[in-house]
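Q: Residue numbers (the numbering used here): 137 to 604. All residues carry an ideal CB built from backbone N, CA and C; glycine is no exception.
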Ligand SMILES: Cc1cc2nc3c(=O)[nH]c(=O)nc-3n(C[C@H](O)[C@H](O)[C@H](O)COP(=O)(O)OP(=O)(O)OC[C@H]3O[C@@H](n4cnc5c(N)ncnc54)[C@H](O)[C@@H]3O)c2cc1C
C-alpha cells in the first residue's frame with residue numbers, strides 16, 4: 137500500500153488544502169502528522185497566546201479527521217529526525233506540506249526537502265497560505281515592490297484566484313503509528329489566565345467558516361467605514377484563523393465574491409476588505425524579500441535613532457494598560473484579555489510606544505508576539521515598522537497620532553473605552569477621553585508623559601538621523 141505523510145503546519149484545515157489532493161492523487165492513503173518543534177523557529181517561537189490557539193486548533197483538526205476515520209499524529213523533536221522515524225515506522229514513501237514564509241522555517245524546509253529527496257523519498261510542498269507566491273512578482277526592473285499600491289495592482293492582474301478545493305476523499309492506513317497525547321505538547325498555560333481567550337474565540341476550521349459567514353452577512357458591505365470603529369463589530373476578526381491556516385485567502389475571496397453577486401471589486405466594502413487581505417500578502421512578500429526585518433529596520437538610518445535609554449517603567453505601564461491615555465489603555469487591556477486588538481488601536485498603541493515613549497519598536501513587537509492570538513511574523517513586523525516609519529511604504533515618521541484626538545474621532549461615544557476600562561465605565565462622554573478633567577476621584581492614572589513635549593522629543597530625534 138502506497139502511503140504519504142501529510143505534514144500539517146500553519147494550514148490546519150481540510151478544505152482548500154492542496155497537499156491533501158496531491159497526496160491522495162499519488163498514493164492510496166495518508167497519515168496526517170503535526171510535529172511540534174518550536175526550537176526550529178529561531179527567536180520567534182510561538183508566544184503564549186499563540187500556543188493556546190494552537191492547542192485548540194490541533195484538537196479541532198483531530199476531531200475533523202476522526203469524523204472521516206483518520207486522526208492527527210502528534211510528535212515532537214527535530215522535524216527531520218521525526219519525519220525519518222515516521223517514514224521508517226509506517227513504510228510511507230512521501231511527505232507533503234504547504235509552504236510557510238518565515239526565514240528560519242524556509243531554511244529548515246529546504247534542508248528537509250533536500251535530505252529526504254537524497255534518501256529516495258518524495259518530498260513536495262505547495263502554495264496554500266497566500267494568493268501570490270512572493271518570488272513570482274517583481275517590478276519591471278526585476279527588484280521587489282516597496283510600495284503597497286503598485287504591488288496590489290500587480291497582484292490584481294494575476295487575480296482572482298482559482299476556486300477553492302473541496303475536502304477530498306481521505307483514506308487512512310490500516311495501522312496507525314503512535315501519537316503523543318495533545319497535553320504532552322504543553323501548549324496551554326500552567327497558570328490559567330486564558331478564560332478571556334476561551335470566551336472570545338472558537339479556534340478551528342468550523343469556527344473560521346462560521347466567522348467568515350457572519351462577517352459577510354453583517355459587516356462586509358459597510359466595512360469601508362465600519363473598520364474604523366473599534367467599539368463596533370465592523371471587522372472580520374479572521375486574523376488568527378488566517379495565521380493558523382484554518383481558512384485560506386482563496387476561500388475568503390470566493391465567499392466575498394459570492395456575497396457581492398460575483399463582482400467583489402466593484403463593491404466599496406468588499407474591495408476595501410480584499411485590499412486588507414492584500415496587505416497580508418504584502419507583509420509576507422516583504423518578509424520574504426527582506427528576511428532581516430523582524431529584527432532590523434528596513435530603512436537603515438533608523439538603526440541610529442536615539443531611543444530612550446531607561447524605559448522599563450514606561451514599558452510596563454504600556455503593557456499593563458495604565459498609561460493614563462484611555463484609548464491606548466483600552467487597546468492594551470483588550471489585547472491582554474482576548475489576545476486580539478482592533479487594527480486602528482494597534483496603530484495608536486504602537487505609535488504611542490515608539491513615538492511618545494521613544495521605546496524601540498522591537499520591544500512592542502515582542503510584547504505583541506507573546507500576547508496576540510494572531511501573532512504573525514510577517515504582519516507583526518510590517519505593522520511595527522510601518523508605525524515606526526522605518527519600513528516599506530511606512531507612515532511618515534513625523535506624523536505622531538494624538539491619542540486623545542484619535543479617541544474622540546474613532547470612539548466618539550467612548551463605547552470601546554468603557555468596555556475595556558471598567559474604572560471609566562460610568563464617566564460621561566464629555567470627559568471619557570480626558571478623565572483627569574473629571575471632578576470625582578478615579579482609580580485611573582494621570583498621563584505618564586506629556587503629549588506635546590514627548591512629540592517634540594521624538595521629532596528632534598528624527599532630525600538627528602534624517603540625513604543618514
Ligand atoms: C503594530 C501592528 C502589529 C500587527 N500585528 C499583526 C499580527 O501579528 N498578525 C496579524 O495578523 N496582523 C497584525 N497586524 C495587522 C492588523 O492589525 C490585523 O491583521 C487586524 O487587526 C486583524 O483583525 P481582523 O481579522 O478583524 O482584520 P480585518 O480588518 O477584518 O482584515 C481582514 C484580514 O486582512 C489582513 N490584514 C488586515 N490589516 C492588515 C495589515 N495592516 N497588515 C497585514 N494584514 C492585514 C488580516 O489577515 C485580517 O485578518 C498588526 C498591525 C499593527 C499596526
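What is the DSSP secondary structure of residue 613, counted as helix, strand or coil?
A: The first residue shown for the chain is 137 and the last is 604, placing residue 613 beyond what the model contains.
Q: How far does the alpha helix (DSSP H) with residue 159 in it reach, from first residue to last?
A: First-last of the alpha helix (DSSP H) with residue 159: 154-162.
Q: What residue range is occupied by the uninterrupted alpha helix (DSSP H) comprising residue 91?
A: With the chain covering 137 to 604 only, the question about residue 91 has no answer from this structure.
Q: Taking only the alpha-carbon atoms, compute the straight-line gap between residue 275 and residue 295 and give it to the nearest angstrom.
A: Approximately 17 angstroms, taken between the alpha carbons.
Q: Start and end of the alpha helix (DSSP H) containing residue 165?
A: First-last for residue 165: 165-172, but that is the beta strand (DSSP E), not the alpha helix (DSSP H).
Q: Cβ-heavy atom distance between residue 419 and ligand 1 below 7 angstroms?
A: Yes.
Q: Let me know the beta strand (DSSP E) ranges lying completely inside the segment 175-215, each 3 residues or longer, listed in chain order.
A: If we require 3 residues or more, the beta strand (DSSP E) runs fully inside the segment 175-215 come out as 209-212.
Q: So does residue 298 have its beta carbon nearer than 7 angstroms to some heavy atom of ligand 1?
A: Flag unset: Cβ of residue 298 not near ligand 1.
Q: Can you give, in chain order, each stretch of the alpha helix (DSSP H) that sits fully within the segment 491-559 and has at least 4 residues?
A: Segments of the alpha helix (DSSP H) lying fully in the segment 491-559: 497-507, 513-524, 539-546 and 551-556.
Q: Within the present structure, is the beta-carbon of residue 425 separated from the nearest heavy atom of ligand 1 by less than 7 angstroms?
A: No.
Q: Is the segment 501-519 close to the segment 420-436, with three or more CB pairs under 8 angstroms?
A: Because the criterion of three Cβ pairs below 8 angstroms is met, the segment 501-519 and the segment 420-436 touch.
Q: Taking 8 angstroms as the cut-off, decide whether the C-beta atoms of residue 200 and residue 341 are in contact.
A: Contact: yes.
Q: Less than 8 angstroms between the CB atoms is what I'm expecting for residue 301 and residue 157, so what's the real figure, rounded?
A: The pair is a contact, with the Cβ atoms about 6 angstroms apart (cut-off 8 angstroms).
Q: May I ask which residues mark the beginning and end of the beta strand (DSSP E) holding residue 141?
A: First-last of the beta strand (DSSP E) with residue 141: 139-144.
Q: Give the secondary structure of residue 461 by DSSP, where H, G and I count as helix, E and B as strand, and everything else as coil.
A: Correct three-state label for residue 461: coil.
Q: If you scan the segment 403-435 from start to end, which runs of the beta strand (DSSP E) of 3 or more residues do you find wholly inside it?
A: The segment 403-435 contains no whole beta strand (DSSP E) run of 3 or more residues.
Q: Would you identify the three-state DSSP class for residue 283, choosing helix, strand or coil?
A: Three-state DSSP puts residue 283 in coil, outside helix and strand.
Q: Under a Cβ-count criterion, where at least 16 other Cβ atoms within 10 Å of its own Cβ denotes burial, should residue 179 be classed as buried or exposed?
A: Result: exposed.
Q: DSSP three-state label for residue 588, please.
A: Helix.
Q: Below 8 angstroms, how does it come out for the segment 236-243 and the segment 200-220: are there three or more Cβ pairs, yes or no?
A: Cβ pair count under 8 angstroms is below three, so no.
Q: From the DSSP output, in three-state form, read off residue 232 for me.
A: Three-state DSSP puts residue 232 in a strand.
Q: Considering only their Cβ atoms, is the gap separating residue 171 from residue 218 smaller than 8 angstroms?
A: Yes. Within cutoff.
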